[in-house]
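>
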Amino acid sequence: MTRKQLIMLAAGGSAALLLGAWGFQALGYAPCKMCIWQRWPHAIAFLIGVLALIVPVAALLFFGAIAAATTGAIGIYHTGVEKGWWQGPDTCTSGDITQLTSEQLMEQIMGAPLVLCDVVAWEFLTLSMASWNAILSFGLATIWLMALRKT
């Protein structure tokens with residue numbers, strides 16, 4: 007594949023993952039806070055891809071790989087929160103309520119987001135959307151690096 011084709015594949019992959027996320031949202035799968043975090047690097051990677059096709063600067067390809075790897079890393083973090091391997095952000099997970107007073111518990115319930123980050127909304131082949139995002143994003147980072155090697 008040519009450098010241009012690799013850039014188009016990597017940037018197009020991020021665009022496809024964004025469109026997929028919005029498609030799931032349109033189907034009623036509301037995103038949690040960490041889901042939204044995973045979208046931003048995809049948007050950045052797509053914009054970097056468009057710019058890299060116009061301005062052939064090798065550093066852009068490196069930053070595209072960083073953006074893809076960043077959303078992959080967030081996906082791994084989110085997967086760990088979903089699986090209970092580690093605690094997620096307090097504003098996004100159910101957390102430990104055993105030490106709370108009834109007033110504190112009510113405040114937490116009333117202030118909680120509608121969609122919690124530690125609840126898997128959808129999975130395929132036992133992997134959640136966050137897990138699939140991580141796998142596919144690291145694949146896209148590899149494609150970015152392949153494009154960089156072509157310069």
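Take the position in the sequence shown, starting the count at 1, then add 6; the result is the number in the working numbering.
All residues carry an ideal CB built from backbone N, CA and C; glycine is no exception.
The structure displayed is predicted, hence computed values, not measured ones.
Rounded to whole angstroms, what's the CA-CA distance from I60 to E113? Just pull it up for me.
By 1-based counting over the sequence shown, the position of residue 60 is 54. By 1-based counting over the sequence shown, the position of residue 113 is 107. Whole-angstrom Cα-Cα distance: 51 Å.
> Rounded to the nearest angstrom, what separates M135 and C41 at their Cα positions?
Locating residue 135 in the sequence shown gives position 129, where the first residue counts as 1. Locating residue 41 in the sequence shown gives position 35, where the first residue counts as 1. C-alpha separation (whole angstroms): 9 Å.
> For T85, which residues from the same chain have a beta carbon less than 6 Å from its beta carbon, with the 5 sequence-adjacent residues on both sides left out?
If you number the sequence shown from 1, residue 85 lands on position 79. A136 and S137, listed in sequence order.
> Give me, in chain order, the residues of the same chain whose beta-carbon lies closer than 6 Å to that of A17; leave out the 5 immediate sequence neighbours on both sides.
On the sequence shown, residue 17 is found 11 positions in, with the first residue counted as 1. For A17, where only same-chain residues beyond five positions count, the Cβ hits under 6 Å are F52 and G55.
> With which residues is L3 paired in a DSSP beta bridge?
In the structure as shown, the chain starts at 7 and stops at 157, and residue 3 therefore has no counterpart that could be examined.
> Using C-beta distances below 7 Å, list every residue in its chain close to T77, excluding the 5 sequence neighbours before and after it, in chain order.
Translated into the one-based positions of the sequence shown, residue 77 becomes position 71. Within the same chain, T77 has close Cβ partners Q44, P47, H48, N139 and S143.
> Is the Cβ-Cβ distance between P62 and V121 less than 8 Å?
Taking the sequence shown and counting its residues from 1, the one referred to as residue 62 is at position 56. Taking the sequence shown and counting its residues from 1, the one referred to as residue 121 is at position 115. No, Cβ-Cβ distance for P62 and V121 is not below 8 Å.
> For A169, which option in C123, G94, A153 and G70 has the closest C-alpha, if you only look at C-alpha atoms?
Lying before the first or after the last residue shown, residue 169 is absent from the chain, which here runs from 7 to 157.
> By a C-beta neighbour count over all protein chains shown, 10 Å radius and 16 as the cutoff for buried, is E88 buried or exposed?
Residue numbering aside, residue 88 sits at position 82 when the sequence shown is read from its first letter. It counts as buried.
> Ordered along the chain, which non-local residues of its own chain (more than five positions away) have a Cβ less than 6 Å from that of G153?
Within the sequence shown, numbered from 1, the residue matching residue 153 stands at position 147. Sequence inspection shows Ala at residue 153; the Gly mentioned does not correspond to that position. Same-chain partners within the cutoff: R9, L12, I13 and L67.
> Can you tell me the Cα-Cα spacing of L25 and G34, whole angstroms?
By one-based count along the sequence shown, residue 25 stands at place 19. By one-based count along the sequence shown, residue 34 stands at place 28. So the two alpha carbons sit approximately 14 Å from each other.
> Rounded to a whole number of angstroms, what is the C-alpha to C-alpha distance between W91 and K39?
Taking the first residue of the sequence shown as 1, we reach residue 91 at position 85. Taking the first residue of the sequence shown as 1, we reach residue 39 at position 33. Approximately 18 Å, taken between the alpha carbons.
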